[in-house]
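Shown next, in structure tokens, is the structure this report addresses.
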Amino acid sequence: MSAPKDQHFLVDRRAVEKIAGFVDVSGRKVLEIGPGEGILTRALLDRGANVIAVEIDPALVEELEIAFADEIEEGRLEIIRGDAKRVDIPPFDIVVANLPYSVSSKLTFRLLAIGFEVAVLMYQKEFARRMVAPPGTPNVGRLSVMVQTYASVKPLLDLSPSSFRPRPQVRSWVVRITPHEPPYPIADREVYADVVRVLFSHRRKTVRKGLRSGKDTFPAQAIERTIAGLPDDLLQRRPEDLTLEEFALIANTMSGS
Numbered sequence: 002m003s004a005p006k007d008q009h010f011l012v013d014r015r016a017v018e019k020i021a022g023f024v025d026v027s028g029r030k031v032l033e034i035g036p037g038e039g040i041l042t043r044a045l046l047d048r049g050a051n052v053i054a055v056e057i058d059p060a061l062v063e064e065l066e067i068a069f070a071d072e073i074e075e076g077r078l079e080i081i082r083g084d085a086k087r088v089d090i091p092p093f094d095i096v097v098a099n100l101p102y103s104v105s106s107k108l109t110f111r112l113l114a115i116g117f118e119v120a121v122l123m124y125q126k127e128f129a130r131r132m133v134a135p136p137g138t139p140n141v142g143r144l145s146v147m148v149q150t151y152a153s154v155k156p157l158l159d160l161s162p163s164s165f166r167p168r169p170q171v172r173s174w175v176v177r178i179t180p181h182e183p184p185y186p187i188a189d190r191e192v193y194a195d196v197v198r199v200l201f202s203h204r205r206k207t208v209r210k211g212l213r214s215g216k217d218t219f220p221a222q223a224i225e226r227t228i229a230g231l232p233d234d235l236l237q238r239r240p241e242d243l244t245l246e247e248f249a250l251i252a253n254t255m256s257g258s
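With the sequence shown counted from 1, adding 1 to any position gets you our numbering.
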């Protein structure tokens with residue numbers, strides 16, 4: 002049995018109570034993506050949160066509207082039917098959610114772009130491990146660099162497949178994500194994101210060759226100017242060996258700063 006819309010419903014009530022209690026949600030606007038059958042929604046409401054729940058499945062939206070009719074009427078719960086990757090989302094303070102596995106990366110990048118105070122999010126364990134992977138390790142990649150540039154990530158809870166229905170094939174991690182300013186100056190965040198994406202799209206190439214493979218993203222003249230302005234030892238390394246400071250240096254050189 003496959004989960005509708007790639008959603009695995011959390012059914013472990015002890016885990017739900019822990020997740021809802023990792024941050025103080027009382028009186029706060031809390032965004033929940035993929036509420037499913039509403040078990041976490043209920044726990045958040047019971048803790049005094051004002052919840053904005055985004056659900057893509059129309060059948061689940063209908064069930065939620067019936068189950069939480071009183072909370073909706075009281076203004077404590079707003080249910081938005083749509084795809085959280087692109088639907089308009091009202092202002093919120095905190096995110097608490099069990100994200101659909103297949104869109105975890107896109108949703109994480111969107112949430113970081115929108116901005117929030119703190120997020121408690123559930124991911125596949127291997128995905129979450131990539132988020133916290135330090136430079137020079139096998140799991141480091143675009144996700145690691147982009148998330149760690151703009152936020153700190155702390156694992157909070159490890160869940161087995163038996164905590165869900167239907168059971169996924171993998172374990173899950175709940176993590177706390179706390180946004181912060183980049184540790185090194187970044188002149189243009191779009192250029193930074195493009196540099197990280199281009200280099201990890203060619204992760205087996207050196208930085209020099211990786212940048213030259215990015216001609217669909219950057220003008221050839223800008224690429225050659227960047228290569229000329231960077232230290233040779235950096236150009237000979239691969240992206241997984243670079244520090245956040247070195248990614249910032251490459252991007253700032255590319256943007257002419």
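Where a beta carbon is used, it is the ideal one built from N, C-alpha and C, also for glycine.
So is T179 buried or exposed if we call it buried at 16+ other beta carbons inside 10 Å?
The residue is exposed, with fewer than 16 neighbouring Cβ atoms inside 10 Å.
Along the chain, where does the beta strand (DSSP E) that runs through R111 open and close?
It is not in any beta strand (DSSP E) - R111 instead sits in the alpha helix (DSSP H) that spans S105 to I115.
Where do the N-terminal and C-terminal ends of the beta strand (DSSP E) with N253 fall, by residue?
From DSSP, N253 is part of no beta strand (DSSP E) but of the alpha helix (DSSP H) over L245 to M255.
Based on the DSSP output, what are the partners of R131 in its beta bridges?
In the DSSP output, where bridge partners are listed per residue, R131 has none listed.
For F219 and R226, what's the separation of their Cα atoms in angstroms?
Spanning the two alpha carbons is a distance of roughly 11 Å.
Excluding the five sequence neighbours on either side, which residues of its own chain have a C-beta within less than 8 Å of the C-beta of K126, listed in chain order?
D159, V171, R172, S173 and W174, listed in sequence order.
The beta strand (DSSP E) spanning Y124 covers which residue range?
From DSSP, the beta strand (DSSP E) with Y124 extends over V119 to Q125.
Taking the alpha-carbon of P59 as reference, which of G35, A229, G49 and D71 has the nearest alpha-carbon?
For P59, the nearest C-alpha among the options comes from G35.
Please state whether DSSP places F165 in a helix, a strand or coil.
Here F165 sits in strand by DSSP.
Tell me which residue opens and which closes the beta strand (DSSP E) that D58 is part of.
Taken as a continuous stretch (DSSP letters only), D58 belongs to no beta strand (DSSP E), as it is neither H nor E.
Are at least three pairs of beta-carbons, each pair with one atom in the region 95–112 and one in the region 208–218, less than 8 Å apart?
Taking 8 Å as the limit for Cβ pairs, the verdict is that the region 208–218 does not touch the region 95–112.
Could you check the C-alpha separation between V55 and A221 for me, to the nearest Å?
Going from the Cα of V55 to the Cα of A221 covers about 42 Å.
Tell me which residue opens and which closes the beta strand (DSSP E) that K155 is part of.
That run of the beta strand (DSSP E) goes A152 to L160.
Cβ atoms of F117 and I95: under 8 Å apart, would you say?
Yes, these two residues count as a Cβ contact at 8 Å.
Return the chain-ordered list of same chain residues with a C-beta closer than 6 Å to the C-beta of Q237, the five sequence neighbours on each side being excluded.
Once the five neighbours on either side are set aside, the close Cβ partners of Q237 are T207.
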